[in-house]
Amino acid sequence: MAAIDCPTSSKWTQEHLNWHPTLPTLLVDIENGVYTK
């Protein structure tokens with residue numbers, strides 16, 4: 002499953018369920034070293 006090319010987006014969820022992320026993104030977490038502690 003991980004090997005298939007299947008781009009994803011939260012755009013549909015945000016538009017249809019009125020959901021908007023409020024926490025930092027994965028890239029921000031990685032840059033801040035969250036996963037190395």
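Heads up: the sequence shown begins at 2 in the working numbering, then just goes up one per residue.
Heads up, the beta-carbon is just placed ideally off N, CA and C, and yes, glycines get one too.
The model shown is predicted, which means the values in this text are computed figures rather than measured ones.
Let's see if you can read the secondary structure: which residues bound the alpha helix (DSSP H) around T14? 12–18
Rounded to the nearest angstrom, what separates L18 and S10 at their Cα positions? 14 Å
Mapping the DSSP letters down to three states, classify L24 as helix, strand or coil. coil
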